[in-house]
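For the sequence shown, numbering that gives the first Met the number 0 assigns the number 411 to the last residue and increments by one with no breaks. Positions of the beta carbon are idealized from the N, C-alpha and C atoms, including for glycine. Bear in mind the structure is a predicted one, so any value in this text is a computation, not a measurement. Take a look at the structure below.
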Amino acid sequence: MNRRLLALIWLFLVSLPTLAADSSVVIEEITFTGLKRTRETTVRAIISPVAEGELFSDETEEQIIQELREAGIFNPEIEVVTRIEAGAAFIEVYVEDKWTLFPIPIMSYSGTDSWMAGIVGVESNFLGMQKVLGLGLFTGSDRSSFTGFYTDPRFLGSEIGLRIGIGAGRGTAGDLDVKEKTVREYENEGSRFSLGIMRPFGDSLSLSLEAGYETLSVVNRDSALAPADDTKAFTLSAGGEWKNLIYDIPYTRGVEIQAAYDRALGIDGTRDFSKAEGEIGYGFYPWSSHLLRLDLQAGWGDMPAGSQFRLGGRSGSATLPMGKVAAEEYLNSSVAYNLPLKRFAAATLSGKGFFEAGLFASDLIDPTLYYGPGFGFELFLNKIALPALGFSVGWNLETGLPQVSFSMGIGG
Numbered sequence: 000m001n002r003r004l005l006a007l008i009w010l011f012l013v014s015l016p017t018l019a020a021d022s023s024v025v026i027e028e029i030t031f032t033g034l035k036r037t038r039e040t041t042v043r044a045i046i047s048p049v050a051e052g053e054l055f056s057d058e059t060e061e062q063i064i065q066e067l068r069e070a071g072i073f074n075p076e077i078e079v080v081t082r083i084e085a086g087a088a089f090i091e092v093y094v095e096d097k098w099t100l101f102p103i104p105i106m107s108y109s110g111t112d113s114w115m116a117g118i119v120g121v122e123s124n125f126l127g128m129q130k131v132l133g134l135g136l137f138t139g140s141d142r143s144s145f146t147g148f149y150t151d152p153r154f155l156g157s158e159i160g161l162r163i164g165i166g167a168g169r170g171t172a173g174d175l176d177v178k179e180k181t182v183r184e185y186e187n188e189g190s191r192f193s194l195g196i197m198r199p200f201g202d203s204l205s206l207s208l209e210a211g212y213e214t215l216s217v218v219n220r221d222s223a224l225a226p227a228d229d230t231k232a233f234t235l236s237a238g239g240e241w242k243n244l245i246y247d248i249p250y251t252r253g254v255e256i257q258a259a260y261d262r263a264l265g266i267d268g269t270r271d272f273s274k275a276e277g278e279i280g281y282g283f284y285p286w287s288s289h290l291l292r293l294d295l296q297a298g299w300g301d302m303p304a305g306s307q308f309r310l311g312g313r314s315g316s317a318t319l320p321m322g323k324v325a326a327e328e329y330l331n332s333s334v335a336y337n338l339p340l341k342r343f344a345a346a347t348l349s350g351k352g353f354f355e356a357g358l359f360a361s362d363l364i365d366p367t368l369y370y371g372p373g374f375g376f377e378l379f380l381n382k383i384a385l386p387a388l389g390f391s392v393g394w395n396l397e398t399g400l401p402q403v404s405f406s407m408g409i410g411g
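Here you go:
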């Protein structure tokens, strides 16, 4: 009796791998409906490691949706339908390309009467392969410039991403203090070129290296204000990003951490300098579709005026004049509450309230505190590969000065 029982137990244990294999569902086929401009091979690379021949799980459908939303070139309204027959999964993905080839109007305005307008021609799905190619021309109250860029997330079919950037401009640089008093003003002209590579490590981590060349020449110095140095340097940069995000409609929630270190090697008598910058962001839903986001940003460096960090207008420093505050070191923090106000077929209108506090300093400005509340609106587009259109009003309680910012298009 004991021998028979032992034999039955042994037979059961030996059969476990076979039973487990029999209960597994293998992805037999993945088909895509709705694609017009994106190559199917590109879509399959985006959703990897979900592929035919791999095991199907309860997370497979949501994984496909998340990878496609993160790519940024598809309407986030994605449907995945799975049919399982005889241990095989047949997956059909209903996905619509965003419109990615168009001239993007760019416009921004700040309460300091600073304005900028321009146009960027962008193809963010070049050849249907998720490559980004763009050229922009800008003019404004202070400066005229152009920029060009190219990004390939899978260079020559590898896991290595490639990015190239060029740019040049001429205009007036005006550095303000927290009370909007000009502390430095000069005309300059400059150019830059950069070449970088990026590589992901797993689902969350990616690292990048970049080399470049930049020049900045002061062409008209205001002797009544602090001088600015010329810059001519080879630049080396290293950065990293760790993220664990959920891409919802219209918000992205989860944790994202970024950090970068830049080293410039001066030539033709200009000096070397370094700078480092980092950011931590965390967003979550206190209840359905309402986003609470916390952000902490910091930067440090010892660099010429033209290469200093620019604060104002962005999250964490929206109560400062947009792009007008130069800093060698800063610490920004903000908490923002976002809620959808109206959903349309092609967009979502979102409202936002925020409070921020920060500290900054430069070679001309002692450590200075700012803090205050604000509110704004954003329009998230479903069918056009364009970042949200934004409007915000911030109030610096330290100075009593308001800041009004409007942005349309990439960069604002």
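- Secondary structure within the segment 152 to 197: the beta strand (DSSP E) runs of 3 or more consecutive residues, fully enclosed, are 160 to 175 (chain order).
- Uninterrupted alpha helix (DSSP H) stretches at least 4 residues long and entirely within the segment 53 to 138 occur at 59 to 70, given in chain order.
- Taking C-beta atoms under 8 Å as the contact rule, alanine 263 and alanine 237 fail to qualify, at a distance of about 13 Å.
- Distance check between valine 25 and each of Val42, Glu39, Thr59 places Thr59 closest, using alpha-carbon atoms only.
- Valine 42: not part of any beta strand (DSSP E); member of the alpha helix (DSSP H) spanning 39 to 46, first to last residue.
- For the options Arg38, Glu209, Pro199, the alpha carbon positioned closest to that of arginine 191 is the one of Glu209.
- Scanning Gly280, Asp301, Trp299 for the CA closest to the CA of leucine 293 turns up Gly280.
- Looking at the DSSP output, serine 273 sits in a beta bridge with Arg262.
- Judged by DSSP secondary structure, threonine 230 falls within the beta strand (DSSP E) whose first and last residues are 230 to 246.
- Pairwise C-beta distances place the segment 321 to 335 in contact with the segment 294 to 302, as three or more of them are shorter than 8 Å.
- One thing to note: valine 177 has its Cβ no nearer than 8 Å to the Cβ of glutamate 377.
- By the criterion of a C-beta distance shorter than 7 Å, lysine 382 is surrounded in its chain by Asn74, Lys97, Trp98, Ala345, once the five residues flanking it on both sides are discounted.
- Membership of asparagine 331 in the beta strand (DSSP E) is indicated by the continuous run 328 to 342.
- Shown here, glycine 312 sits in coil according to DSSP, grouped into three states, outside any helix or strand.
- A Cβ-Cβ distance of about 5 Å is found for the pair valine 92 and phenylalanine 31, placing them in contact under the 8 Å criterion.
- In the structure shown, serine 143 falls within a strand segment according to DSSP collapsed to helix, strand and coil.
- The beta carbon of phenylalanine 125 sits closer than 8 Å to those of Val131, Leu132, all from its chain and outside the five residues before and after it, given in chain order.
- When DSSP states are grouped into helix, strand and coil, alanine 317 belongs to the coil group.
- Excluding residues up to 5 positions away in sequence, Thr318, Phe354, Glu355, Ala356, Gly357, Asn395, Leu396, Glu397 lie with their Cβ nearer than 8 Å to the Cβ of tyrosine 370 in the same chain.
- Ranked by Cα distance from glutamate 186, the options Trp114, Ile63, Asp174, Glu179 are led by Asp174.
- If you look at glutamine 296, you'll find it in the beta strand (DSSP E) that goes 289 to 300.
- As DSSP reads the structure, alanine 360 sits in a beta bridge with Glu328.
- In this structure, leucine 215 lies near threonine 230, with their beta-carbon atoms less than 8 Å apart.
- Alanine 384 carries a coil assignment under DSSP once its states are collapsed to helix, strand and coil.
- Here DSSP, grouped into helix, strand and coil, assigns glycine 268 to coil.
- The shortest C-alpha to C-alpha distance from arginine 153 to any of Tyr250, Leu136, Gly195, Asp141 is the one to Gly195.
- Annotation for alanine 335: Arg292, Lys351, Phe353 place their beta carbon closer than 6 Å to its own, counting only its chain and skipping 5 residues before and after.
- In the three-state reduction of the DSSP assignment, serine 306 falls in the helix class.
- Under the DSSP definition of a beta bridge, tyrosine 149 partners with Leu132, Ile163.
- Alanine 345 carries a coil assignment under DSSP once its states are collapsed to helix, strand and coil.
- Collapsing the DSSP output to three states places threonine 367 in a strand.
- Lysine 180 counts as exposed, since fewer than 16 other C-beta atoms from the protein chains shown sit within 10 angstroms of its C-beta.
- For valine 25, the enclosing beta strand (DSSP E) covers residues 25 to 32.
- Checking the DSSP bridge columns, you'll see lysine 351 partnered with Asn337, Gly375.
- In this structure the segment 305 to 321 does not lie against the segment 238 to 255, because fewer than three pairs of beta carbons, one per stretch, are closer than 8 Å.
- Partner residues in the beta bridge of valine 217, as assigned by DSSP, are Asn187.
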